[in-house]
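What follows is a set of notes on a single structure, which appears directly below.
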Amino acid sequence: MDLRIYQDDSEAIGFVIAALFSQAINLAEMQKWAESVIMDCDDYPDYIIDLIGYSGFLKDIYTVIGFYPASSLSDRQYLALVGIADIRGIDRFDTTPSKVDALAALKREPEILKRFIAEFPFTELCASDA
(Lines of atoms letter the chains of each structure in order from A and count residues from 1; the text may use other names and numbers.)
(Lines give C-alpha, C1' and ligand atoms only; values in the text may rest on other atoms or scores of the structure.)
Protein backbone atom coordinates (compact mmCIF):
# COMPACT_ATOMS: atom_id res chain seq x y z
CA MET A 1 0.00 0.00 0.00
CA ASP A 2 1.31 3.43 -0.98
CA LEU A 3 1.49 5.17 2.39
CA ARG A 4 1.10 8.77 1.23
CA ILE A 5 -0.96 9.74 4.25
CA TYR A 6 1.27 12.24 6.02
CA GLN A 7 0.90 16.01 5.94
CA ASP A 8 4.01 16.48 3.79
CA ASP A 9 2.91 13.77 1.32
CA SER A 10 -0.84 13.26 1.53
CA GLU A 11 -1.84 12.14 -1.96
CA ALA A 12 -3.36 8.84 -0.80
CA ILE A 13 -5.50 10.32 1.97
CA GLY A 14 -6.38 13.15 -0.43
CA PHE A 15 -7.73 10.56 -2.88
CA VAL A 16 -9.68 8.84 -0.09
CA ILE A 17 -11.26 12.12 1.01
CA ALA A 18 -12.09 13.02 -2.61
CA ALA A 19 -13.73 9.61 -3.00
CA LEU A 20 -15.71 10.25 0.18
CA PHE A 21 -16.89 13.73 -0.85
CA SER A 22 -17.78 12.53 -4.36
CA GLN A 23 -19.80 9.71 -2.76
CA ALA A 24 -17.73 7.07 -4.57
CA ILE A 25 -17.29 5.62 -1.07
CA ASN A 26 -19.27 6.04 2.14
CA LEU A 27 -18.10 6.50 5.73
CA ALA A 28 -18.12 2.75 6.43
CA GLU A 29 -15.87 2.15 3.42
CA MET A 30 -13.54 4.96 4.51
CA GLN A 31 -13.37 3.30 7.92
CA LYS A 32 -12.56 -0.03 6.28
CA TRP A 33 -9.79 1.68 4.29
CA ALA A 34 -8.36 3.04 7.57
CA GLU A 35 -8.48 -0.47 9.06
CA SER A 36 -6.56 -1.79 6.05
CA VAL A 37 -3.86 0.84 6.59
CA ILE A 38 -3.43 -0.32 10.18
CA MET A 39 -3.33 -3.98 9.14
CA ASP A 40 -0.89 -3.43 6.26
CA CYS A 41 1.48 -0.84 7.74
CA ASP A 42 3.72 -0.79 10.77
CA ASP A 43 3.74 3.00 11.01
CA TYR A 44 0.86 5.38 10.40
CA PRO A 45 -0.34 8.72 11.77
CA ASP A 46 -2.68 8.75 14.78
CA TYR A 47 -5.57 10.15 12.77
CA ILE A 48 -5.90 6.80 10.96
CA ILE A 49 -7.14 5.25 14.22
CA ASP A 50 -9.57 8.15 14.68
CA LEU A 51 -10.99 7.61 11.19
CA ILE A 52 -12.01 4.06 12.08
CA GLY A 53 -14.58 5.33 14.55
CA TYR A 54 -15.50 8.54 12.75
CA SER A 55 -19.23 9.07 12.34
CA GLY A 56 -19.45 12.85 12.18
CA PHE A 57 -20.24 15.25 9.40
CA LEU A 58 -18.06 15.15 6.28
CA LYS A 59 -17.24 18.83 6.67
CA ASP A 60 -15.57 18.05 10.01
CA ILE A 61 -13.30 15.25 8.81
CA TYR A 62 -10.39 17.64 8.33
CA THR A 63 -10.46 18.34 12.07
CA VAL A 64 -9.89 14.62 12.70
CA ILE A 65 -7.09 14.43 10.13
CA GLY A 66 -5.50 17.64 11.39
CA PHE A 67 -4.70 19.09 7.95
CA TYR A 68 -6.17 19.46 4.48
CA PRO A 69 -4.77 16.57 2.41
CA ALA A 70 -3.36 17.36 -1.01
CA SER A 71 -4.78 15.76 -4.09
CA SER A 72 -3.45 15.99 -7.61
CA LEU A 73 -6.86 15.16 -9.07
CA SER A 74 -7.96 17.39 -11.92
CA ASP A 75 -11.57 18.53 -12.11
CA ARG A 76 -12.27 15.85 -14.72
CA GLN A 77 -10.68 13.16 -12.54
CA TYR A 78 -12.89 14.26 -9.64
CA LEU A 79 -15.89 13.99 -11.98
CA ALA A 80 -14.72 10.46 -12.77
CA LEU A 81 -14.98 9.66 -9.05
CA VAL A 82 -18.56 10.93 -9.18
CA GLY A 83 -19.03 8.57 -12.14
CA ILE A 84 -17.88 5.71 -9.92
CA ALA A 85 -20.58 6.66 -7.42
CA ASP A 86 -23.06 6.49 -10.29
CA ILE A 87 -21.95 3.07 -11.54
CA ARG A 88 -22.15 1.82 -7.95
CA GLY A 89 -25.78 2.91 -7.89
CA ILE A 90 -25.33 5.57 -5.20
CA ASP A 91 -28.26 7.97 -4.92
CA ARG A 92 -26.15 11.14 -4.86
CA PHE A 93 -27.37 14.06 -2.74
CA ASP A 94 -25.98 16.49 -5.34
CA THR A 95 -27.14 15.88 -8.91
CA THR A 96 -24.43 18.14 -10.31
CA PRO A 97 -22.68 16.98 -12.40
CA SER A 98 -25.23 15.02 -14.33
CA LYS A 99 -24.86 11.27 -14.50
CA VAL A 100 -24.09 11.56 -18.22
CA ASP A 101 -21.25 14.03 -17.57
CA ALA A 102 -19.84 11.99 -14.67
CA LEU A 103 -19.85 8.75 -16.65
CA ALA A 104 -18.27 10.52 -19.64
CA ALA A 105 -15.48 11.77 -17.36
CA LEU A 106 -14.98 8.26 -16.03
CA LYS A 107 -14.70 6.93 -19.58
CA ARG A 108 -12.05 9.58 -20.38
CA GLU A 109 -10.14 8.92 -17.13
CA PRO A 110 -9.88 5.10 -16.84
CA GLU A 111 -6.89 5.39 -14.50
CA ILE A 112 -9.25 6.73 -11.82
CA LEU A 113 -11.25 3.50 -11.88
CA LYS A 114 -8.01 1.49 -11.67
CA ARG A 115 -6.82 3.59 -8.74
CA PHE A 116 -10.20 3.26 -7.03
CA ILE A 117 -10.11 -0.54 -7.34
CA ALA A 118 -6.55 -0.63 -6.00
CA GLU A 119 -7.33 1.68 -3.07
CA PHE A 120 -10.70 0.13 -2.17
CA PRO A 121 -10.55 -3.56 -3.18
CA PHE A 122 -13.21 -4.40 -0.59
CA THR A 123 -15.94 -2.30 -2.24
CA GLU A 124 -18.75 -3.79 -4.30
CA LEU A 125 -17.01 -2.51 -7.40
CA CYS A 126 -14.09 -4.74 -8.27
CA ALA A 127 -12.07 -5.50 -11.41
CA SER A 128 -14.55 -8.16 -12.54
CA ASP A 129 -17.39 -5.60 -12.30
CA ALA A 130 -15.63 -2.95 -14.37
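Letter by letter, the sequence shown follows residues 1 to 130 of the UniProt record's numbering. Even glycine gets a Cβ: it sits at the ideal position worked out from N, Cα and C.
Measuring CB atoms only, is the stretch 71 to 83 touching the stretch 16 to 25, in the sense that at least three cross pairs come out at less than 8 Å? Short answer: they touch.
Would you check if there are 3 or more beta carbon pairs closer than 8 Å linking the stretch 43 to 63 to the stretch 87 to 96? Fewer than three pairs of CB atoms, one per stretch, sit closer than 8 Å, so the stretch 43 to 63 makes no contact with the stretch 87 to 96.
Straight-line Cα distance separating ASP101 from ASP91: The alpha-carbon atoms of ASP91 and ASP101 are separated by roughly 16 Å.
Just to confirm my understanding: we take LEU51, look at its own chain, exclude 5 residues before and 5 after, and list those with CB closer than 6 Å. What are they? Within the same chain, LEU51 has close Cβ partners ALA34.
Length of the line joining the Cα atoms of PHE120 and SER36: Cα-Cα distance, rounded: 9 Å.
Flag this pair as yes or no: are the beta carbons of ILE65 and ILE117 separated by less than 9 Å? Remark: C-beta atoms of ILE65 and ILE117 do not approach each other more closely than 9 Å.
Nearest-angstrom Cα separation, counted from SER98 out to LEU27: SER98 has its alpha-carbon roughly 23 Å from the corresponding atom of LEU27.
Quick check on GLU109: buried or exposed, where buried means 16 or more other Cβ atoms within 10 Å of its Cβ? It is buried - the Cβ of GLU109 has at least 16 other Cβ atoms within 10 Å.
Hey, GLU111 and SER71 are a contact pair by Cβ (cut 8 Å); roughly how many whole angstroms apart? Their Cβ separation, rounded to whole angstroms, is 14 Å, which puts GLU111 and SER71 out of contact at 8 Å.
Going by alpha carbons, who is nearest to PHE57 out of LEU73, ILE17, LEU106? Restricting attention to LEU73, ILE17, LEU106, the CA atom closest to the CA of PHE57 is found in ILE17.
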